[in-house]
DNA sequence: TCCTTGACGGAGA
DNA sequence: ATCTCCGCCAAGG
């Protein structure tokens with residue numbers, strides 16, 4: 042059951058919806074996803090929302106990277122390795138923990 | 001209720 | 001290119 046306030050839950054829904062639209066082979070930044078969801082300034086909240094996703098989610102959480110073009114996890118972590126793996130399966134080149142936003146950033 | 005933390009980002013140095 | 005500082009908004013203690 043959901044005990045969160047309606048407005049917060051609604052914001053999460055907006056983010057999930059926008060995330061679902063990000064196509065394979067493309068990436069978006071946390072801040073960009075917030076804007077696409079109609080929530081400018083909510084970059085941090087996007088991160089907090091992705092953190093709450095179930096491990097077996099179908100949403101493309103791995104297509105979200107930070108504004109510097111890097112994966113927002115320590116390079117030694119499993120989370121980092123999983124995200125890099127999924128991105129590479131998408132055909133995205135990850136060189137030294139860096140994705141070229143110039144080539145892969147999605148613009149709807 | 002107050003204080004700290006965080007899958008963020010932009011401005012400055 | 002890097003690093004620090006600071007504003008941002010929730011979540012957790």
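Numbering (the numbering used here), first residue to last: 42 to 149.
Backbone N, C-alpha and C fix where the C-beta goes; we use that ideal spot for every residue, glycine too.
Computed from a predicted structure; not experimentally measured.
Use the C-beta contact count for residue 134: other C-beta atoms within 10 angstroms, 16 or more gives buried, fewer gives exposed. exposed
Classification of residue 49 by the beta-carbon crowding that lies within 10 angstroms, buried from 16 upward: exposed
Compute every distance between the C-beta of residue 81 and the non-hydrogen atoms of the ligand MG, then say whether any falls below 8 Å. Looking for the ligand MG in the displayed structure turns up nothing, as the structure carries no ligands at all.
Straight-line gap, residue 129 to residue 102 (C-alpha atoms, nearest Å): 14 Å
Which residue marks the beginning of the alpha helix (DSSP H) containing residue 94, and which one marks its end? Looking at the DSSP string, residue 94 is not in any alpha helix (DSSP H), and its letter there is neither H nor E.
Which of helix, strand or coil does DSSP assign to residue 105? strand
Using 8 Å as the cut-off, can you tell me whether the region 82-91 makes contact with the region 116-126, which would need three or more C-beta pairs spanning the two stretches below that distance? no
Closest to residue 148 by CA distance: which of 119, 53, 60, 132 is it? 60
Ordered along the chain, which non-local residues of its own chain (more than five positions away) have a Cβ less than 6 Å from that of residue 65? 131
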